[in-house]
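J.: In the numbering used here, the protein residues as written are 8 to 224.
(1) Please list, in chain order, all residues of the same chain as residue 28 whose beta carbon is under 8 angstroms from its beta carbon, the five residues on each side excluded.
(2) Could you check whether the stretch 166-178 touches the stretch 49-59, counting it as contact only if at least three pairs of C-beta atoms, one from each stretch, sit closer than 8 angstroms?
(3) Tell me whether the beta-carbon of residue 156 lies closer than 8 angstroms to the beta-carbon of residue 205.
(4) Cα-Cα, which of 102, 116, 192 and 133 is closest to residue 44?
(5) For a minimum of 3 consecutive residues, which ranges assigned as the beta strand (DSSP E) are wholly contained in the stretch 58-131?
(6) Could you check which residue in 203, 212, 35 and 80 has the C-alpha nearest to that of residue 146?
(7) Can you say whether residue 31 is buried or exposed, counting buried as having 16 or more other CB atoms within 10 angstroms of its CB?
(8) Would DSSP call residue 44 helix, strand or coil?
(9) With burial defined as no fewer than 16 other Cβ atoms inside 10 Å of the residue's Cβ, what is the status of residue 151: buried or exposed?
(10) In whole angstroms, what separates the C-alpha of residue 97 from that of residue 215?
(11) Going by C-alpha to C-alpha distance, which of 88, 87, 171 and 38 sits closest to residue 159?
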């Protein structure tokens, strides 16, 4: 009797597996990063395929860029080199922060490298004198290079992993990982050029400028 029950159980399992395999997997919609950023709600929870060049990459997360548009990719299974060209298949996740602010990122199902050596396409801003560059929601996830910024202060984030930087001519706070910079480079009163993008911080319902590269001028 025990053997008969086991055979029935095995047959049931095989039927369940066969039924699962018979359902077609959702096809990925090919989109650009710009299309996601322009209307994130349209793609919320959609399975998409997107291409991008790696700006930053860490265990479980990368930041990719395409034609000056940037987006975070989470659940990444490997660390890529900067400038690697990758294909991402994943689900677009959105968080409504109110007042028309919608954070967005891609929860990766799979990623793969398809090339190397692509250059980035930032929009360039040069601050003149005491001019203040005002960044707002229209700049979210736009890759920017900003020069002639005077560093006012830099402190550590509460978790100790990041530097928080304030510049005289910029209306938002900036941040980057401590591991990405030699702290000796940061000196108050010195002028800098930064490459990065404005991003929403869902946990604090605010926006900060994520520095990708920083140079003393």
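Positions of the beta carbon are idealized from the N, C-alpha and C atoms, including for glycine.
No experiment lies behind these values; they were computed from the predicted model shown.
T.: Taking the geometry as given:
(1) Translated into the one-based positions of the chain shown, residue 28 becomes position 21. Its pLDDT being 47, under 50, residue 28 is placed unreliably by the model, and nothing is read from it.
(2) no
(3) As a working note, residue 156 is residue 149 in the chain shown. As a working note, residue 205 is residue 198 in the chain shown. Not in contact: residue 156 and residue 205 (Cβ atoms no closer than 8 angstroms).
(4) Taking the chain shown and counting its residues from 1, one reaches residue 44 at position 37. Among 102, 116, 192 and 133, the Cα nearest to that of residue 44 belongs to 102.
(5) 67-73, 76-83, 92-105 and 108-122
(6) Within the chain shown, the letter at position 139 stands for residue 146. Of the candidates 203, 212, 35 and 80, the one whose C-alpha sits nearest the C-alpha of residue 146 is 203.
(7) Here residue 31 is taken as the residue at index 24 of the chain shown, counted from 1. Bear in mind that a pLDDT of 44 at residue 31, under 50, signals an unreliable position, so the number given afterwards is only what the model happens to contain. Exposed: under 16 other Cβ atoms inside 10 Å.
(8) Along the chain shown, one-based indexing puts residue 44 at 37. Looking at residue 44 - three-state DSSP - the assignment turns out to be helix.
(9) For the purposes of this step, residue 151 is taken as residue 144 along the chain shown, with counting starting at 1. That one is buried.
(10) Your numbering for residue 97 matches position 90 in the chain shown. Your numbering for residue 215 matches position 208 in the chain shown. When rounded, the distance between both Cα atoms is 25 angstroms.
(11) Here residue 159 refers to the residue found at position 152 when the chain shown is read from its first residue. Comparing Cα positions, the closest option is 171.
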